[in-house]
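Beneath this line is the structure, given in structure tokens, with notes to follow.
In the numbering used here, the protein residues as written are 5 to 318.
This is the structure we're talking about:
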């Protein structure tokens with residue numbers, strides 16, 4: 005069944021379309037803006053002779069073990085691809101070939117077990133990548149190569165046992181990293197790279213972390229938010245190094261997060277939580293700025309006071 009809202013002519017200039025099928029079907033689409041494909045088996049989308057204006061493709065409740073190679077080559081303007089809950093098991097270097105303008109890819113709730121090299125190498129404009137709720141155990145060194153504009157990466161609820169810092173070093177613009185609810189057992193000086201200087205928030209709650217090197221967060225100069233609840237760290241010597249020299253407020257924010265998490269309705273999305281965290285962070289940063297201004301003012305008073313005292317002595 006094909007349901008089209010406000011059709012002008014089949015295959016061309018639809019503002020919104022919902023496509024439902026129970027079998028392998030080829031759709032000819034010209035200038036669709038949004039496509040919502042909800043089926044029971046594989047899908048195959050084809051375009052007219054000219055490229056179309058599709059910018060959002062959502063596939064769900066289907067069975068797609070592997071993304072067809074080069075499927076995005078005829079959808080060069082697509083910005084958002086959502087392929088959640090489709091039993092996806094495999095990604096290859098050709099999966100996203102031709103999708104150069106993609107800004108968001110959501111592949112949560114699938115069966116991915118690994119992220120091989122160069123899978124996302126064509127997605128140089130990508131800003132958000134959601135790989136949560138899969139079965140990912142390994143991430144290859146060059147899995148995220150070319151993702152220089154990525155700002156949010158979610159690997160939550162997977163089976164990661166270690167953090168591959170080499171893979172993350174390609175993510176020079178990354179601000180939010182979700183690694184919560186994995187099986188990570190330790191953090192060390194190689195967990196994060198000196199190229200992750202823009203990392204603002206790292207979520208590590210509900211892992212199996214027992215040891216944290218005091219040098220684990222040395223490179224994260226912009227870090228302002230860290231969660232470690234739900235772990236049982238044997239050593240905590242990293243505190244003297246990290247809190248004093250790097251992010252003096254992150255434990256306070258962690259407490260805010262735990263309190264907020266308990267009060268957050270189940271339907272609150274990750275975007276909702278992130279917005280609240282940004283609000284909390286702005287409050288703390290304003291307080292820090294105020295403290296710095298007071299400190300500068302105090303220093304100035306002491307300086308002038310010393311001048312006055314010296315003047316009196318002469």
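Ideal Cβ placement from N, Cα and C applies to all residues, glycine included.
For secondary structure counted as the beta strand (DSSP E) over 3 or more consecutive residues, the stretch 105-148 holds these complete runs in sequence order: 108-110, 132-134. The stretch 192-200 and the stretch 137-148 do not touch, with fewer than three beta-carbon pairs separated by less than 8 angstroms. Looking only at 104, 99, 213, the smallest Cα-Cα distance to residue 130 is reached by 104. Of the residues 155, 77, 82, the one whose Cα lies closest to the Cα of residue 201 is 155. Your pair residue 188 and residue 211 checks out as a contact, with CB atoms roughly 4 angstroms apart and the cut at 8 angstroms. Pairing residue 113 with residue 88 gives a Cβ-Cβ distance under 8 angstroms. Under the rule that a run must span 3 or more residues, the beta strand (DSSP E) segments found entirely inside the stretch 184-244 read 205-207, 229-231.
Judged by DSSP secondary structure, residue 87 falls within the beta strand (DSSP E) whose first and last residues are 84-88. In the three-state DSSP reduction, residue 96 falls in the coil class, being neither helix nor strand.
By the 16-neighbour rule on beta-carbons within 10 angstroms, residue 74 is exposed. Note on geometry: alpha-carbon atoms of residue 79 and residue 213 lie some 43 angstroms from one another.
Between the beta-carbon of residue 115 and that of residue 91 there is about 6 angstroms, and that keeps the pair under the 8 angstroms contact cut. Note on residue 96: under 16 other CB atoms within 10 angstroms of its CB, so exposed under the neighbour-count rule. Across the structure, residue 81 and residue 215 are spaced so that their CA atoms are roughly 46 angstroms apart. The residue among 170, 121, 173, 208 with its C-alpha nearest the C-alpha of residue 162 is 208.
For residue 158, the pairing in a beta bridge is given by DSSP as 134, 182.
Put simply, of 152, 70, 84, 220 the residue whose alpha carbon is nearest the alpha carbon of residue 61 is 84. For residue 70, the pairing in a beta bridge is given by DSSP as 94. By the C-beta density criterion, residue 69 is exposed, having fewer than 16 other C-beta atoms within 10 angstroms. Contact between residue 173 and residue 199 holds, since their C-beta atoms are separated by about 5 angstroms, short of 8 angstroms.
Between residue 157 and residue 178, the C-beta spacing is below 8 angstroms.
Bounds of any alpha helix (DSSP H) do not take in residue 166, whose DSSP letter is neither H nor E.
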